[in-house]
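Residue numbering for the sequence shown follows the numbering used here, beginning at 79 and increasing consecutively. Report on the structure given below.
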Amino acid sequence: MRTVDYGLETKFCRLGEDVSLKEGCRIEGYASVFGVPDQGGDVVAAGAYRRSLRQLREAGRGVKMLWQHDPAQPIGVWEEIVEDARGLKVKGRILTEVGKGREAAALLAAGAIDGLSIGYRTVTAERDAKGQRLLREVELWEVSLVTFPMLPEARVAAKGESLSEAALRELAAVFEDARRTLAGE
């Protein structure tokens, strides 16, 4: 393994079945999924966030919730961030008292945005035989709501209280068709 300082990097994860918008401003789901290569060829290893999350807790600091990775636009608070067997699970609330927060909640509820993205610094990484970068340890700085996610394996499912599971599957299919059309597939 080798340690390289890449500076601030970002990873995108499309909101999936496990990400939801509730009560107009609560959001929860996975900001990162372990073992799945993203479009940049990076794979996050299980346990990659462990030390960073512990250090943040010990320092009494939290991970920031930003709009489109803009540090001048915080839009809410992450109330819980944990690693589980699947990935980096986040729970928080969008602050609708903030202009961009109101905008983000409305866009998310309407399905106009569909992504989460992490801002981090790579602490330890290595390349595998396929040329993919395996992120062994990262320092997590922020989790943003974004327009364009980078992890296509996750599915869209921003849900409000009135959407059924069937409607969510249909919405996910529409977004997948749009992605394929834009990609020229």
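Each residue gets a CB set at the ideal place from its N, CA and C atoms; glycine is no exception. This structure is a prediction, so every number in the text was calculated from the model and none was measured.
Residue environment, residue i, which counts as buried when at least 16 other CB atoms sit within 10 Å
i, result
"residue 208", "exposed"
"residue 178", "buried"
"residue 215", "buried"
"residue 125", "exposed"
"residue 84", "Here residue 84 scores only 47 on pLDDT, less than 50, and its place in the model should not be relied on; the value that follows carries that caveat. So residue 84 counts as exposed."
"residue 203", "buried"
For residue j and residue i, the rounded distance between their alpha carbons
i, j, result
"residue 137", "residue 198", "17 Å"
"residue 155", "residue 262", "37 Å"
"residue 195", "residue 147", "8 Å"
"residue 183", "residue 221", "15 Å"
"residue 181", "residue 174", "8 Å"
"residue 161", "residue 116", "18 Å"
"residue 188", "residue 201", "37 Å"
"residue 170", "residue 109", "12 Å"
"residue 49", "residue 144", "Examination of residue 49 is not possible in this model, given that the chain is present from 79 through 263 alone."
"residue 206", "residue 163", "22 Å"
"residue 149", "residue 132", "22 Å"
"residue 157", "residue 118", "29 Å"
"residue 96", "residue 176", "Unreliable positioning characterises residue 96 in this predicted model, as indicated by a pLDDT of 47, which lies under 50. A coordinate reading is not provided."
Rounded distance between the beta-carbons of residue j and residue i, thought under 8 Å
i, j, result
"residue 223", "residue 159", "Wrong, their Cβ atoms sit about 15 Å apart, outside the cutoff."
Beta-carbon gap between residue i and residue j smaller than 8 Å
i, j, result
"residue 165", "residue 112", "yes"
"residue 172", "residue 225", "no"
"residue 168", "residue 217", "no"
"residue 121", "residue 210", "yes"
Other residues of its chain near residue i: CB distance less than 7 Å, five sequence neighbours each side excluded
i, result
"residue 123", "112, 212, 213 and 214"
"residue 130", "216, 217 and 218"
"residue 128", "161"
"residue 79", "Residue placement at residue 79 cannot be trusted, given a pLDDT of 43 that sits under 50; what the coordinates show is reported in the next sentence. Result list for residue 79: 202, 204 and 214, in chain order."
Own chain partners of residue i with C-beta closer than 8 Å, once the 5 adjacent residues on each side are dropped
i, result
"residue 134", "140, 141 and 218"
"residue 103", "154, 171, 172, 173, 174, 179 and 183"
"residue 151", "144, 145 and 178"
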